[in-house]
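FYI, in full-length UniProt numbering the residues of the sequence shown are 1 to 343.
Glycine included, C-beta positions come from ideal geometry on N, C-alpha and C.
Here the structure is laid out as structure tokens; the discussion comes afterwards.
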Amino acid sequence: MESKTTALEPIDIKKSRFDLDTYYGRLRHFITVTSPLTLFNSTDEIRRAQELLKDYAAGRRADLDGSHETQEKVWAAKQVVEASLHPDTQEPIPLPFRMSAFVPTNLIIATGLLLPNPSLASIIGWQWANQTLNVCVNYSNANKSTAMSTSEVAKAYMSATVTSVGLAVGLNRLVPRLAKRVGHDTGLLLARFVPFVAVASAGCVNVGLMRWKELRDGIDVYPPGVSDPEQSVGKSRIAGSYAVGQTAASRVLTNIPTLILPPLIITALQKRGTFSGPRGKSLEMIANLGLIGGSLFFFLPPAIAAFPQRAKIQAHKLEDRFSNIIDERTGKPYQYFEFNKGL
1 MESKTTALEP IDIKKSRFDL DTYYGRLRHF ITVTSPLTLF NSTDEIRRAQ
51 ELLKDYAAGR RADLDGSHET QEKVWAAKQV VEASLHPDTQ EPIPLPFRMS
101 AFVPTNLIIA TGLLLPNPSL ASIIGWQWAN QTLNVCVNYS NANKSTAMST
151 SEVAKAYMSA TVTSVGLAVG LNRLVPRLAK RVGHDTGLLL ARFVPFVAVA
201 SAGCVNVGLM RWKELRDGID VYPPGVSDPE QSVGKSRIAG SYAVGQTAAS
251 RVLTNIPTLI LPPLIITALQ KRGTFSGPRG KSLEMIANLG LIGGSLFFFL
301 PPAIAAFPQR AKIQAHKLED RFSNIIDERT GKPYQYFEFN KGL
């Protein structure tokens, strides 16, 4: 067993603890970033973690040596910072809109969406609340190299919520008509699928409308291993389209387990008479929320790990002007560039 006093290789705090070039490495990385335990860190604790990383990188503290304890302390601080601060601005992401808050906040929304016999007003209200949450999450975790004014954010919010809610409500109202044509059992299954199909499809629209400036104006791209905003080599609309498209795809992947597992399991249990007693409705609601919460908790990291947050793209896939940017270290054009995809 390795001695705790043995000097270890210094940590490069610009890099993840895990290999982000592999899916397994990204999965392990996002398990730490999305941990709800990081929500309990206060603003002061987040700032202290940030300062610890700066001091470690600069070698300013004698107590931050090459020991095992120091390395664990540095990795713990890095987890807090990556879960709480935006990588572009290094400012705290509002707590409800962090990816680590994804499960608890979405469970609240799911409770509203699952209320029995909802009125049109209830459907609109809860879908609006859901899309408002999506807007806030998308905006808070988006690439920040393309700024949006307050009026642009307001317009994007209204467009995203109105379009998304309209799509969600339209799909929900379509179910009774389909149920009459396909039979009771199939109609019942459709009724369970549709709220989450509506959420997934509306969520994709939401991402696109909230991040439209990245599509129109592009986002900053950087040489390999560089993230300092002042060292950007320019903005690329192609990189922006990759960032928005991959984020929308990860949102769909996040919803797929919730779309499939809870409706199928609840329908199977209902056919067996599990919820037929006097407390059947309450038990069904609890079981549904438990399945949804479990699906969100276990499948969020695998979904967002599908694409690296710090993405790479070959130079020839970007606009022509990026193909002739010379790497001063080699005297040759860069083969690829990097950009922050957002979450």
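With DSSP collapsed to three states, give me the class of residue i.
| i | result |
| --- | --- |
| Ala-147 | coil |
| Leu-20 | coil |
| Gln-314 | strand |
| Glu-91 | coil |
| Ser-3 | In this prediction, Ser-3 scores a pLDDT of 46, lower than 50, which makes its location untrustworthy; the coordinate-derived value is nonetheless stated afterwards. Coil. |
| Tyr-336 | strand |
| Ile-11 | coil |
| Gly-293 | helix |
| Val-221 | strand |
| Asp-228 | coil |
| Ile-325 | coil |
| Leu-343 | coil |
| Gly-331 | coil |
| Pro-301 | helix |
| Thr-274 | coil |
| Leu-269 | helix |
| Arg-279 | coil |
| His-29 | helix |
| Leu-114 | coil |
| Gln-309 | coil |
| Ser-119 | coil |
| Ala-142 | coil |
| Arg-177 | helix |
| Glu-152 | helix |
| Ser-211 | This sequence places Arg at residue 211; Ser is not what is there. Coil at Arg-211, not helix or strand. |
| Glu-319 | coil |
| Arg-98 | coil |
Rounded C-beta distance between residue i and residue j? I'm assuming under 8 Å.
| i | j | result |
| --- | --- | --- |
| Val-221 | Phe-339 | 5 Å |
| Leu-215 | Gly-234 | With a Cβ gap of about 16 Å, Leu-215 and Gly-234 do not count as contacting. |
| Leu-53 | Val-33 | That belief does not hold up - the Cβ atoms of Leu-53 and Val-33 are roughly 15 Å apart, past 8 Å. |
| Ala-200 | Val-135 | About 16 Å separates the two Cβ atoms, so there is no contact after all. |
| Thr-38 | Ala-83 | 4 Å |
| Val-205 | Leu-171 | Actually they are not in contact, since the Cβ atoms of Val-205 and Leu-171 sit about 12 Å apart, beyond 8 Å. |
| Ala-287 | Leu-269 | 7 Å |
| Pro-223 | Leu-27 | Not confirmed; about 27 Å, so no contact. |
| Ile-326 | Leu-107 | With a Cβ gap of about 51 Å, Ile-326 and Leu-107 do not count as contacting. |
| Leu-343 | Met-99 | 5 Å |
| Ala-202 | Leu-167 | 5 Å |
Suppose contacts are defined by Cβ-Cβ distances below 8 Å. Is residue i in contact with residue j by that definition?
| i | j | result |
| --- | --- | --- |
| Thr-146 | Ile-219 | yes |
| Ser-236 | Glu-319 | yes |
| Val-169 | Gln-131 | no |
| Thr-247 | Lys-341 | yes |
| Ala-305 | Pro-333 | no |
| Leu-264 | Phe-275 | no |
| Val-103 | Pro-10 | no |
| Val-153 | Val-207 | no |
| Arg-211 | Ala-101 | no |
| Thr-43 | Pro-92 | yes |
| Lys-281 | Pro-96 | no |
| Lys-213 | Met-148 | yes |
| Leu-85 | Ser-159 | no |
Going by CA-CA distance only, name the one from the options that's closest to residue i.
| i | options | result |
| --- | --- | --- |
| Thr-89 | Pro-96, Ala-76, Leu-120, Ser-140 | Ser-140 |
| Phe-30 | Pro-229, Asn-41, Arg-310 | Arg-310 |
| Tyr-157 | Gly-225, Tyr-56, Val-137 | Val-137 |
| Val-165 | Gln-270, Ser-295, Ile-124, Gly-280 | Ile-124 |
| Val-226 | Leu-283, Lys-332, Asn-288, Tyr-336 | Tyr-336 |
| Ala-57 | Thr-70, Ile-46, Phe-18 | Thr-70 |
| Ile-256 | Arg-173, Leu-296, Lys-317 | Leu-296 |
| Gln-50 | Tyr-23, Asp-21, Ile-13 | Ile-13 |
| Val-80 | Gly-59, Ile-292, Asn-41 | Asn-41 |
| Lys-312 | Ser-119, Ala-249, Ile-238, Thr-163 | Ile-238 |
| Leu-114 | Phe-299, Ala-303, Ile-266, Ala-202 | Ile-266 |
| Lys-78 | Arg-61, Arg-48, Leu-174 | Arg-48 |
| Ala-129 | Thr-105, Ser-151, Tyr-242 | Thr-105 |
| Leu-289 | Gly-112, Glu-230, Lys-144 | Gly-112 |
| Ala-303 | Lys-15, Tyr-23, Asp-19 | Tyr-23 |
| Leu-133 | Arg-181, Pro-94, Asp-217, Ser-122 | Pro-94 |
| Lys-144 | Ala-76, Asp-217, Ser-323, Ser-16 | Asp-217 |
| Lys-317 | Ser-16, Pro-278, Pro-229, Tyr-242 | Tyr-242 |
| Ala-250 | Thr-150, Thr-163, Ile-46, Phe-299 | A small fix is needed here, since residue 250 is Ser in this sequence, not Ala. Answer by Cα proximity: Phe-299. |
Would a check of beta-carbon distances place residue i closer than 8 Å to chain C?
| i | result |
| --- | --- |
| Cys-204 | No chain C appears in this structure, which consists of one protein chain only. |
Whole beta strand (DSSP E) elements within the stretch 230-264, 3-residue minimum: 234-236
Sequence ranges, alpha helix (DSSP H) only - wholly within the stretch 35-84, length at least 4: 43-58, 68-84
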